[in-house]
Amino acid sequence: MAERLKQEIKANALHRQRINNSASKDVAPPQAVDLQQATVAEGDANLALDVVHHDVPASMQCNGDAPSVITFGRSEAVLFMFYVEKLLPFLFPFYRPSLLEGGKAWILEMMLRRPVIRQVVLCQSLYFSLPRGTTTSTAAWKQLLTQTQDAVTVLRNALQMMQGSHVAQHLHGAVRIMSSILQLQRFEVAVLSFDNWPTHLNAALELFKQLLDAACDSPSGDSRSRFNAVMRRLGPSSEQSPMDSLLPTSEQAALPFSASILLFDDIIASTVLREQPRLYDYHRSLLEGEESSEAVVNLEAVIGVKNEVMLAIGEISALDAWKQQGSTSGSLDILELTRRAIIISNSVRSAIKNSSLEDGAVELNSPLDVFEPYTCPLSEIPADLGILVTQVWAHGALIYLTLVVTGWQPDNADLRSHVDQVVKLLSDMTPPALLRTMIWPFCVAGCLAEPCQGSEFRAIVQKLNRDVCGTAYKALGIMEHVWQSRHNGDGETRDLAMCFRSHGDLPLLV
Numbered sequence: 001m002a003e004r005l006k007q008e009i010k011a012n013a014l015h016r017q018r019i020n021n022s023a024s025k026d027v028a029p030p031q032a033v034d035l036q037q038a039t040v041a042e043g044d045a046n047l048a049l050d051v052v053h054h055d056v057p058a059s060m061q062c063n064g065d066a067p068s069v070i071t072f073g074r075s076e077a078v079l080f081m082f083y084v085e086k087l088l089p090f091l092f093p094f095y096r097p098s099l100l101e102g103g104k105a106w107i108l109e110m111m112l113r114r115p116v117i118r119q120v121v122l123c124q125s126l127y128f129s130l131p132r133g134t135t136t137s138t139a140a141w142k143q144l145l146t147q148t149q150d151a152v153t154v155l156r157n158a159l160q161m162m163q164g165s166h167v168a169q170h171l172h173g174a175v176r177i178m179s180s181i182l183q184l185q186r187f188e189v190a191v192l193s194f195d196n197w198p199t200h201l202n203a204a205l206e207l208f209k210q211l212l213d214a215a216c217d218s219p220s221g222d223s224r225s226r227f228n229a230v231m232r233r234l235g236p237s238s239e240q241s242p243m244d245s246l247l248p249t250s251e252q253a254a255l256p257f258s259a260s261i262l263l264f265d266d267i268i269a270s271t272v273l274r275e276q277p278r279l280y281d282y283h284r285s286l287l288e289g290e291e292s293s294e295a296v297v298n299l300e301a302v303i304g305v306k307n308e309v310m311l312a313i314g315e316i317s318a319l320d321a322w323k324q325q326g327s328t329s330g331s332l333d334i335l336e337l338t339r340r341a342i343i344i345s346n347s348v349r350s351a352i353k354n355s356s357l358e359d360g361a362v363e364l365n366s367p368l369d370v371f372e373p374y375t376c377p378l379s380e381i382p383a384d385l386g387i388l389v390t391q392v393w394a395h396g397a398l399i400y401l402t403l404v405v406t407g408w409q410p411d412n413a414d415l416r417s418h419v420d421q422v423v424k425l426l427s428d429m430t431p432p433a434l435l436r437t438m439i440w441p442f443c444v445a446g447c448l449a450e451p452c453q454g455s456e457f458r459a460i461v462q463k464l465n466r467d468v469c470g471t472a473y474k475a476l477g478i479m480e481h482v483w484q485s486r487h488n489g490d491g492e493t494r495d496l497a498m499c500f501r502s503h504g505d506l507p508l509l510v
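Under full-length UniProt numbering, think of the first position of the sequence shown as 1, with each following residue one higher.
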């Protein structure tokens, strides 16, 4: 059934592409792009499935700041709670905002009051509930396809309502739409449909850039100040109660969460596309800080990996793109390549060293949580798991860096040591599903595994349910293809992106 859904999504995407091939591909500068145009990159005018248009009631319109509560059935209520209680902790196990930050209430509020978020959440909840036996198969899959179509229709209508106006006039709505696009992207990747994510990512990237430009009188200011300006504009209105005014609005909570996913996905996408990350120029302002928690966008609090490691992967991706340009033009400076690689390597090795020195649990609960003594297993993540995630990503980054600098050399001793470390860290990992937060470095290491290590990589994946951890099995499939072609004699031309795309698609390993 999962394969059937994937085929439905793909078939509709191809149908859309045929229809829209004649559409204009001209896109204005980010500050001038209207939100409808932000979704038409690569000649694709829609966000996902091709659906029959139907009118959305006025109560479902997402422009303006006056939400209205829409009634929903008991089955929807069950799916909402499944998302909050089970699915969100599964998808983002490190995301535990404190009570002072409003906790996860913003998600529940948006599900109940914002159609653009609600429909995407229903899609995810319904899909992930199927392997658990909570719904019957045939009827449930039909319902899932309907929910996906409804989600796209609501997104399309929301975008159309903003068309022709500047994003500053719809700041709250733009944040909700960006969040929804990213969640829809994650859903389609979860069902291993990789045809639409470049369009989704492009739309979210353009929205994010426009958001940063919209709330600041001086767009030339650094990204940090512009991000903070947006956060202030999203704050509580003077008409709200004193209690509500002390807490962030749902959009204020959604923006850092969604920005983390966007920056992360953009970096991973760049390694597949062999391009500099689209938000590369924003990285230093948004992700740098003495600690990840001091940065404007804290990836560790959402994804589980420290900012400095993802910054390094973004730098490696940019270095790879720079090297390609130099090689093509015949102007590659080997000394500069080596200099930049050493700086990146030192940064990543420092992250590994610092993470090894960390001690104690990673406190993710609020100091106001009076239930802390009774809920310790739920209110904090053991430090060794946070350390493990960062170290796996760091070793994956160093493998990636070695490949960019020296080319495909599986017998490189330094490279082999990093592959061995990844296997060692992941082999006895508990819970096994935590692998979902490390798919990219897992796949990177696996592609360079020795023949005798294949069974270890298979064993790590085979502990997981294929339906809910599909990207892990996708990564294993990529590895298997690389292992089978070890002796093809293409080592001089092989690179990591080529391995990722070995099945003929463009996987986003998140």
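By construction, the Cβ of each residue, glycine as well, lies at the ideal position given by its N, Cα and C atoms.
Note that this is a predicted model, so its numbers are computed, not measured.
**Message:** Please return the same chain residues whose Cβ sits closer than 7 Å to the Cβ of residue 29, not counting the five positions on each side in sequence.
**Reply:** Residue placement at residue 29 is flagged as unreliable, the pLDDT there being 30, under the threshold of 50; the coordinate-derived value follows with that caveat. Cβ neighbours of residue 29 beyond the five flanking positions: none.
**Message:** Relative to the C-alpha of residue 130, which candidate in 465, 510, 475 and 207 has its C-alpha closest?
**Reply:** 465
**Request:** Look up residue 273 in the DSSP assignment and say whether it is helix, strand or coil.
**Result:** helix
**Prompt:** Along the chain, where does the alpha helix (DSSP H) that runs through residue 286 open and close?
**Reply:** 283 to 287
**Message:** Let me make sure I understand the geometry here. Which of 208, 162, 193 and 224 has the alpha-carbon closest to that of residue 278?
**Reply:** 208
**Prompt:** Thinking C-alpha only, which one of 323, 108 and 478 is nearest residue 454?
**Reply:** 478
**Request:** Determine the contact status of residue 301 and residue 94, defining contact as a CB-CB distance below 8 Å.
**Result:** yes
**Asked** For the segment 144 to 155 against the segment 175 to 190, are there 3 or more C-beta pairs whose distance is under 8 Å?
**Response** yes
**Prompt:** Under 8 Å between the Cβ atoms of residue 272 and residue 501?
**Reply:** yes
**Asked** Whole-angstrom Cβ separation of residue 312 and residue 397, contact assumed at under 8 Å?
**Response** 5 Å
**Request:** Classify residue 493 as buried or exposed, calling it buried when 16 or more other Cβ atoms lie within 10 Å of its own Cβ.
**Result:** exposed
**Residue environment, residue 323, which counts as buried when at least 16 other CB atoms sit within 10 Å** = buried
**Asked** To the nearest angstrom, how far is it from the Cα of residue 251 to the Cα of residue 125?
**Response** 21 Å
**Message:** In whole angstroms, give me the CA-to-CA distance for residue 509 and residue 198.
**Reply:** 13 Å
**Message:** So, with DSSP's three-state summary, where would you put residue 487?
**Reply:** coil
**Item:** Cβ neighbours of residue 318 in the same chain (closer than 6 Å, five flanking residues each side left out)
**Value:** 276 and 280
**Asked** residue 64 to residue 75, Cα distance in whole Å?
**Response** Low confidence applies to residue 64: its pLDDT is 38, below 50, so where it sits in the model is not reliable, and the reading given next is rough at best. Cα to Cα, the separation comes out at about 29 Å.
**Asked** Looking at residue 127 and the ligand MG, is the gap between the Cβ and the nearest heavy atom below 7 Å?
**Response** With respect to the ligand MG, the structure shown offers nothing to examine, as it has no ligands at all.
**Complete runs of the alpha helix (DSSP H) confined to the segment 383 to 434 [at least 4 residues]** = 383 to 406 and 413 to 427
**Prompt:** Which residues in the same chain have their Cβ closer than 8 Å to the Cβ of residue 182, if we skip the five residues on either side of it in sequence?
**Reply:** 200, 204, 258, 261, 262 and 265
**Asked** Is residue 196 closer than 8 Å to residue 206 when the C-beta atoms are compared?
**Response** no
**Prompt:** Which of helix, strand or coil does DSSP assign to residue 249?
**Reply:** coil
**Asked** Can residue 445 and residue 309 be called in contact, C-beta distance under 8 Å?
**Response** no
**Asked** Roughly how many angstroms lie between the CA atoms of residue 89 and residue 407, to the nearest whole one?
**Response** 38 Å
**Request:** Taking residue 80 as the reference, give the member of 97, 100 and 117 with the closest Cα.
**Result:** 117
**Item:** Element boundaries [alpha helix (DSSP H), containing residue 328]
**Value:** 307 to 329
**Request:** Give the secondary structure of residue 74 by DSSP, where H, G and I count as helix, E and B as strand, and everything else as coil.
**Result:** helix
**Asked** Among the residues of its own chain, which have a CB less than 6 Å from the CB of residue 285, if the five just before and after it don't count?
**Response** 222, 223 and 224
**From 399, 114, 462 and 426, residue whose alpha carbon lies closest to that of residue 254** = 114
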